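Okay, so here's the structure we're looking at.
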Amino acid sequence: MYVATIMSNSLPKYLEEITGIYQQGNATEHSYRPALKKLIESLNNNLQALNEPKRIACGAPDFVINQGIVEIGHLEAKDIGTSLKKVENTPQIKRYLQALGNLIITDHLEFRWYVSGELRLSAAVASLNQKKQIKPDSQGILQVEQLFCQFFLSKVIQITTPRELAKKMAALAQLIRDAIGQALKDQDCGGMLRQQLQSFQRVLISDLNEAQFADMYAQTICYGLFAARCNTDQISSFSRETAAFRLPKTNPFLRGIFHQIAGTELDERITWAVDTLATILQQTDMEGILGSFGKRTRKQDPVVHFYETFLAEYDSKMRESRGVYYTPEPVVSYMVRSVDYILKNKFQIPKGLTDAKKLTIKNPNDSQETQEVHQVLILDPAVGTGTFLHSVIDHIYDSFRQQKGMWSSYVSKHLLPRLFGFELLMAPYTVAHMKLGLQLQELGYDFSADERLGIYLTNTLQEAFQIPPADGFLNRIRDEAESAQGVKQEHPVMVIIGNPPYSGHSVNTGEWIKELLKGKDIISGEKTASYFEVDEQPLGEKNPKWLNDDYVKFIRFSQWRIEKTGYGILAFVTNHGYLDNPTFRGMRQSLLKTFDDIYILDLHGNSKKKEICPDGSPDQNVFDIQQGVAIGIFIKYHNGSSNLAKVYHADLWGKREMIENQVIVGGKYHWLDENDLYSTSWQELQPDSPFYLFRLFVTWYGSIGGHKSTKSLSGKGFN
Numbered sequence: 000m001y002v003a004t005i006m007s008n009s010l011p012k013y014l015e016e017i018t019g020i021y022q023q024g025n026a027t028e029h030s031y032r033p034a035l036k037k038l039i040e041s042l043n044n045n046l047q048a049l050n051e052p053k054r055i056a057c058g059a060p061d062f063v064i065n066q067g068i069v070e071i072g073h074l075e076a077k078d079i080g081t082s083l084k085k086v087e088n089t090p091q092i093k094r095y096l097q098a099l100g101n102l103i104i105t106d107h108l109e110f111r112w113y114v115s116g117e118l119r120l121s122a123a124v125a126s127l128n129q130k131k132q133i134k135p136d137s138q139g140i141l142q143v144e145q146l147f148c149q150f151f152l153s154k155v156i157q158i159t160t161p162r163e164l165a166k167k168m169a170a171l172a173q174l175i176r177d178a179i180g181q182a183l184k185d186q187d188c189g190g191m192l193r194q195q196l197q198s199f200q201r202v203l204i205s206d207l208n209e210a211q212f213a214d215m216y217a218q219t220i221c222y223g224l225f226a227a228r229c230n231t232d233q234i235s236s237f238s239r240e241t242a243a244f245r246l247p248k249t250n251p252f253l254r255g256i257f258h259q260i261a262g263t264e265l266d267e268r269i270t271w272a273v274d275t276l277a278t279i280l281q282q283t284d285m286e287g288i289l290g291s292f293g294k295r296t297r298k299q300d301p302v303v304h305f306y307e308t309f310l311a312e313y314d315s316k317m318r319e320s321r322g323v324y325y326t327p328e329p330v331v332s333y334m335v336r337s338v339d340y341i342l343k344n345k346f347q348i349p350k351g352l353t354d355a356k357k358l359t360i361k362n363p364n365d366s367q368e369t370q371e372v373h374q375v376l377i378l379d380p381a382v383g384t385g386t387f388l389h390s391v392i393d394h395i396y397d398s399f400r401q402q403k404g405m406w407s408s409y410v411s412k413h414l415l416p417r418l419f420g421f422e423l424l425m426a427p428y429t430v431a432h433m434k435l436g437l438q439l440q441e442l443g444y445d446f447s448a449d450e451r452l453g454i455y456l457t458n459t460l461q462e463a464f465q466i467p468p469a470d471g472f473l474n475r476i477r478d479e480a481e482s483a484q485g486v487k488q489e490h491p492v493m494v495i496i497g498n499p500p501y502s503g504h505s506v507n508t509g510e511w512i513k514e515l516l517k518g519k520d521i522i523s524g525e526k527t528a529s530y531f532e533v534d535e536q537p538l539g540e541k542n543p544k545w546l547n548d549d550y551v552k553f554i555r556f557s558q559w560r561i562e563k564t565g566y567g568i569l570a571f572v573t574n575h576g577y578l579d580n581p582t583f584r585g586m587r588q589s590l591l592k593t594f595d596d597i598y599i600l601d602l603h604g605n606s607k608k609k610e611i612c613p614d615g616s617p618d619q620n621v622f623d624i625q626q627g628v629a630i631g632i633f634i635k636y637h638n639g640s641s642n643l644a645k646v647y648h649a650d651l652w653g654k655r656e657m658i659e660n661q662v663i664v665g666g667k668y669h670w671l672d673e674n675d676l677y678s679t680s681w682q683e684l685q686p687d688s689p690f691y692l693f694r695l696f697v698t699w700y701g702s703i704g705g706h707k708s709t710k711s712l713s714g715k716g717f718n
């Protein structure tokens, strides 16, 4: 009862002091802070109540309370007489309640204690009477003593489920983001943070604004700490200062910059929030969390589900603007197995995606020299959390189940050098590294000290800037961008696969991709195919904005990359609007000229157009979105025809899934799991001028009708 005894003496003294300040008549909430700080620190010799004006200006609570090096909780103080009930409903306090596990809110008389956002105790040392005079409450003083006792004894609640952790990380990410945004507006213009923003602008995203930078920075800190915590067994020594040393070596870029963005060089105005997250992660049952990550099923990837939960809590609008959506496993599986089939049967590469053959090509930097590269290089240009590359690795590993002794050598020599991914957002970039690293470790592979995964933080749709070597932060971003640029421009990529973002209001507005859409490659200066022309004439569209959708830009980039290679396969699942919308007729003609075979599997599910099945039954999307989607597989052969591509089309209608006895027995997911390009019933189209349609006919949905392929697909029993 040592603390309580001290309180019995301290609280009356505190009340006497703030009463004297209040009676002066000109006090503000800041006037009482020294007395409140003295009270807290008098309760135990080892307590510190840190009150940093710079931090508070950037959104921190008024006091961070530590016992030695251990953070106990936070306290937010308002002016005497302020309604704490109203304060509780302000956006700032709502964020605190979501993010901070042990919090007191006070008007210096009343104290409210919250644990994990829930009110536990409320008591007051005094109240204001009708004459606005402070009236002590002896019973209330005893209750406040008890409240503080409980507050000091409260420990960080251990998080045991991925959902709990994702929600807590999202809440803290919001606080970190807001603190960074405010710091950038300070008199010093943000100091080191401003310099780092300028580095990102110079190398990665030229039009990155302060709000986007704050968002990127916050997510980087959160997922960097998360990845570091997943990679350490020394729980007691885990902190933001040690996190950089715990990050996986497979992600050298994040290891290299983490000291500056979250470690010892972190801006002091945001350390409070980052330290809070580190404390929570330290106490998290990470073994249990990772155990859940290992429980992967055919229909759901727990790592991705974790990220989706985080993003939904953190900023659902950002998720939409960047087109961040998880691709269902059956869709990925259909595409990966189809690409494997095409490699084996149309390119005569017997081992398909497993192929380890190398080619000799001219060194792009020295035409007098040659170099060896693998024949089947695979790129996901919008890699997200790594879902497609994860599936590719799984598919390849199936070939080694009977010869596991060869697996490690194969991964080092013939897998890691062939897999590439580009990602613009820091959180999914970090998750993808972590996820694929965990996957390969689970499959028995140990990374050597100098091996990295070929996933790069870069803007796929932006050409690399020519930045001279520099020091520190800028140089690390530059090195990452240069590594990605080698894949983007110099490697003969053969397979491009993925789910690019769909965002009609594109935030990817770089000059290179804008000009490429219009028929000019500003890197080489060459004229190339234009999506804004058809039959060599301008489209004449009054509002061709849909051609600036992100997924269109990713298709254009991939088309350009395969043209540079001279052959290859492009497999994307995208918005299906480009199949028949007149605005896309120039795009369709361009694709017909570049590729030799085009396969379109329309997955429908367009609730915006109220799509229903030809028989009138409900049609559902394979994603949790309103926009209908389609899988497009585009093939260019080594010595292809100069004629327009042959186009093959099929429809997949019906429910997303039909479940009996907890087993999926029908629906689109079931069909996609059971089929690939070979087993799909295709019907050849004859696209011609002026629309070059990628559908059998154009009609508004809800009418009765069907395709020859519809019967063979829907006949599998998923309506």
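Read in numbering that gives the first Met the number 0, the sequence shown has 71 at position 72, and its numbers run on one by one without any break.
We put the beta carbon where it would ideally sit given N, CA and C, even for glycine.
From a predicted model like this one, the values you see are computed outputs, not experimental measurements.
{"Asked": "Expressed to the nearest angstrom, what Euclidean distance is found between the alpha-carbon atoms of Tyr13 and Ser41?", "Found": "10 Å"}
{"Asked": "Quick check on Asp650: does DSSP put it in helix, strand or coil?", "Found": "strand"}
{"Asked": "Under the DSSP definition of a beta bridge, which residues are partnered with Glu535?", "Found": "Answer by DSSP bridge pairing: none, since Glu535 is not bridged."}
{"Asked": "Could you tell me which residues DSSP pairs with Gly631 in its beta bridges?", "Found": "Phe571 and Ile599"}
{"Asked": "The alpha helix (DSSP H) with Gln392 in it runs from where to where?", "Found": "This sequence places Ile at residue 392; Gln is not what is there. Unbroken alpha helix (DSSP H) run through Ile392: Thr386 to Tyr396."}
{"Asked": "What residue does the alpha helix (DSSP H) around His258 start on, and which one ends it?", "Found": "Pro251 to Ile260"}
{"Asked": "According to DSSP, is Glu275 helix, strand or coil?", "Found": "A small fix is needed here, since residue 275 is Thr in this sequence, not Glu. Residue state, collapsed to three classes: helix."}
{"Asked": "What do you get for Asp614, buried or exposed, if any count of 16 or more other CB atoms within 10 angstroms of its CB means buried?", "Found": "exposed"}
{"Asked": "Compute the Euclidean distance between the alpha carbons of Leu146 and Ala210, then round it to the nearest angstrom.", "Found": "39 Å"}
{"Asked": "What distance in whole Å lies between the Cβ atoms of Ala483 and Thr457, which are believed to be in contact at a cut-off of 8 Å?", "Found": "4 Å"}
{"Asked": "Would you mind sorting Val697 into buried or exposed? The rule is 16 or more other CB atoms within 10 Å of its CB.", "Found": "Since pLDDT at Val697 reaches only 47, below the 50 mark, its modelled position is unreliable, and no value is offered."}
{"Asked": "Have a look at the DSSP bridge pairing and note the partners of Ser121.", "Found": "Arg111"}
{"Asked": "Is Thr270 helix, strand or coil by DSSP?", "Found": "helix"}
{"Asked": "Would you kindly work out how many angstroms separate the C-alpha atoms of Arg451 and Met334, rounded to a whole number?", "Found": "26 Å"}
{"Asked": "Just tell me which of Ala227, Leu415, Ser236 and Met168 has its CA closest to the CA of Ala217.", "Found": "Met168"}
{"Asked": "List the residues that DSSP assigns as beta-bridge partners of Thr359.", "Found": "Glu371"}
{"Asked": "Can you grab the Cα-Cα spacing for the pair His373 / Lys361, in whole Å?", "Found": "13 Å"}
{"Asked": "To which residues does DSSP link Asp379 through a beta bridge?", "Found": "Gly420"}
{"Asked": "Let me know the secondary structure DSSP gives Ala483 once reduced to three states.", "Found": "helix"}
{"Asked": "In terms of residues, what are the limits of the alpha helix (DSSP H) holding Gln47?", "Found": "Looking at the DSSP string, Gln47 is not in any alpha helix (DSSP H); the run it does join, the beta strand (DSSP E), is Leu46 to Leu49."}
{"Asked": "Just to confirm the assignment, what range does the alpha helix (DSSP H) spanning Ala34 have?", "Found": "Arg32 to Ser41"}
{"Asked": "How long is the line joining the alpha carbons of Gly497 and Pro380, rounded to whole angstroms?", "Found": "7 Å"}
{"Asked": "How close, in whole Å, do the beta carbons of Val155 and Thr278 come, if the pair is a contact with beta carbons under 8 Å?", "Found": "6 Å"}
{"Asked": "Relative to the C-alpha of Thr386, which candidate in Val331, Asp339 and Leu437 has its C-alpha closest?", "Found": "Val331"}
{"Asked": "For Ala56, tell me which candidate among Glu16, Ala48, Ile79 and Asp185 has the shortest Cα-Cα distance.", "Found": "Asp185"}
{"Asked": "Put Asn101 into one of helix, strand or coil per three-state DSSP.", "Found": "strand"}
{"Asked": "Could you tell me whether the Cβ atoms of Thr508 and Asp214 are closer together than 8 Å?", "Found": "no"}
{"Asked": "Can you give the beta carbon distance from Gln626 to Tyr501, rounded, assuming they're within the 8 Å contact cut?", "Found": "6 Å"}
{"Asked": "By Cβ distance below 7 Å, which residues in the same chain neighbour Leu676 in space, the five residues on each side in sequence not counted?", "Found": "Ser337, Tyr340, Ile341, Tyr598 and Ile632"}
{"Asked": "Taking the C-alpha atoms as reference points, what is the distance between Phe151 and Gln91?", "Found": "23 Å"}
{"Asked": "CA-CA distance, Ser30 and Ala170?", "Found": "30 Å"}
{"Asked": "On the CB-based measure, 16 or more other CB atoms within 10 Å of its CB, does Gly67 come out buried or exposed?", "Found": "exposed"}
{"Asked": "According to DSSP, is Ala182 part of a helix, a strand, or is it coil?", "Found": "helix"}
{"Asked": "Got a sec, what are the start and stop residues for the alpha helix (DSSP H) Met425 sits in?", "Found": "Met425 to Glu441"}
{"Asked": "Go to Pro135, then tell me how far its beta strand (DSSP E) extends in each direction, as first and last residue.", "Found": "Ile133 to Pro135"}
{"Asked": "Can you tell me where the beta strand (DSSP E) holding Met657 begins and where it ends?", "Found": "Met657 to Glu659"}
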